[in-house]
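As structure tokens, the structure follows; a few thoughts come after it.
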Amino acid sequence: MNPIVFAMQGNEHMAARICELRGWELGSWEMRRFPDGESFVRYLSEIKGRDVAIVCSLDRPDEKAIALYLAANVARELGARQVGLVIPYLAYMRQDIRFHPGEGITAKYFARLLSGACDWLVTVDPHLHRIHSLDEVYQVPTRIVHAAPHLAEWIGVQVAHPLLVGPDAESEQWVSEVAGVIGCPFTVLQKTRYGDSEVTVTVPGIDRWRDRTPVLVDDIASTARTMMAAVARLREAGMVAPVCVAVHALFSGTAYADLLASGITEVVSTNTVTHPSNRINLAAPIAAAADMLFRDRSGKVVP
Ligand code: R5P
387 MNPIVFAMQG NEHMAARICE LRGWELGSWE MRRFPDGESF VRYLSEIKGR DVAIVCSLDR
447 PDEKAIALYL AANVARELGA RQVGLVIPYL AYMRQDIRFH PGEGITAKYF ARLLSGACDW
507 LVTVDPHLHR IHSLDEVYQV PTRIVHAAPH LAEWIGVQVA HPLLVGPDAE SEQWVSEVAG
567 VIGCPFTVLQ KTRYGDSEVT VTVPGIDRWR DRTPVLVDDI ASTARTMMAA VARLREAGMV
627 APVCVAVHAL FSGTAYADLL ASGITEVVST NTVTHPSNRI NLAAPIAAAA DMLFRDRSGK
687 VVP
């Protein structure tokens, strides 16, 4: 029997696209909150013996993670053959080290929580920095969808004569790959973060690329202070207004409006987090990754 897919609130479009692409069934459930704020889930579709995927991007994770955890556990208890989590944006990957005494490595605890509730997990470009592989913290099989080829496709078509710019050392992994696919130059800036919203960026000499359009590429835009600091330095260096490309459009508070007003031409993101800047649709590679994991787990041969 085909897999059945359930969408947490806000993930309906991604879940529906995945089902359309693969011919899977879109499941029906009741998911709501009790008056006291606790989460309630009731599966209306039959899932006994079925391969189940739950789609839930984890922007604003503290509002969603417990409901996701409960939904996955209920599916198991109701006899699902396997329960996979499709989490286009995987939260809690940035606190991957004890930055200051008294802190914890919350990436580990969060991974333990999710690993205890599912058989596998698919995500898109998790923030792997000091943790080098999801296997270091997740105890279930995982697959990562890389946004780079899809970013490259969009930039290659939409931006003439680009110069790819990574705002910090961590971004080099995406920027170099995207630039390689497009066949354009790239440079990486140096960033220092002093607090949640305090970021400074320095730009190495880019005079030789003055005739190109800078395209800032980062995995996450949250306060957008990283992108805004980079935009300011690029403009000071005499570059034309940049295009900003983020994989995960978290955009807290007024960040999106602030970035739009900072002297850029456009903000573009993938649809891992539903946002007005979404231009790059990753439903197809996400569906393919989920399909691989379903097949691995059910013992079918993966082509
Ligand atoms: C940092 O490690 C990430 O790659 C991003 O640069 C960062 O998360 C962006 O955050 P913000 O938008 O708050 O500056």
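Quick note on numbering: the numbering used here labels position 173 of the sequence shown as 559, and the sequence is numbered without any gaps. Positions of the beta carbon are idealized from the N, C-alpha and C atoms, including for glycine. Source: prediction; values computed, not measured.
Where residue i falls, given that 16 or more other Cβ within 10 Å makes a residue buried
i	result
Pro389	buried
His634	buried
Asp511	buried
Tyr642	buried
Asp593	exposed
Glu424	exposed
Any chain D beta carbon closer than 8 Å to residue i
i	result
Asp437	Any reference to chain D falls outside this structure, which holds one protein chain only.
Close beta carbons around residue i, own chain, < 6 Å, minus the five adjacent residues each side
i	result
Leu549	Pro571, Trp595, Arg598, Pro600
Pro671	Val531
Thr578	Thr586
Arg621	Gly649
Ala401	Val391, Ala393, Val441
Close-in-space but distant-in-sequence residues of the same chain around residue i (CB under 7 Å, 5 per side omitted)
i	result
Gln481	Ile491, Thr492, Ala493
Asp409	It should be pointed out that residue 409 corresponds to Gly in this sequence rather than to Asp. Here the set comprises Asn388.
Arg683	Gln468, Asp505, Trp506
Leu444	Lys450, Ala451, Ile473, Tyr475, Leu476, Ala477
Met613	Pro553, Leu602, Asp604, Ala607, Cys630, Leu645
Pro689	In this predicted model, Pro689 has a pLDDT of only 40, less than 50, meaning its place in the structure is not dependable enough to derive any value.
Ser583	Thr609, Arg611
Ala458	Ile440, Val469, Leu471, Ala503, Cys504
Leu407	Ala669, Ala670, Ala673
Limits of the alpha helix (DSSP H) - the one that residue i falls within
i	result
Ala641	641–646
Arg619	611–622
Gln468	That residue, Gln468, is in no alpha helix (DSSP H); its beta strand (DSSP E) goes 468–473.
Thr651	Note, Thr651: premise wrong, no alpha helix (DSSP H); not H, not E.
Tyr455	451–463
For residue i, the first and last residue of its enclosing beta strand (DSSP E)
i	result
Lys577	576–581
Leu602	599–607
Leu550	548–552
His634	629–635
Ala497	That residue, Ala497, is in no beta strand (DSSP E); its alpha helix (DSSP H) goes 492–501.
Own chain, CB closer than 8 Å to residue i, minus 5 neighbours either side, in chain order
i	result
Ser557	Val574, Val603, Asp604, Asp605
Does the pairing of the stretch 657–677 with the stretch 471–488 give three or more beta-carbon distances under 8 Å?
-> yes
The stretch 610–628 in contact with the stretch 495–509 per 3-pair CB rule at 8 Å = no
Any 3 or more C-beta pairs closer than 8 Å across the stretch 391–398 and the stretch 412–425 | yes
Three or more C-beta pairs closer than 8 Å, one from the stretch 395–402 and one from the stretch 424–431: is that the case here?
-> no
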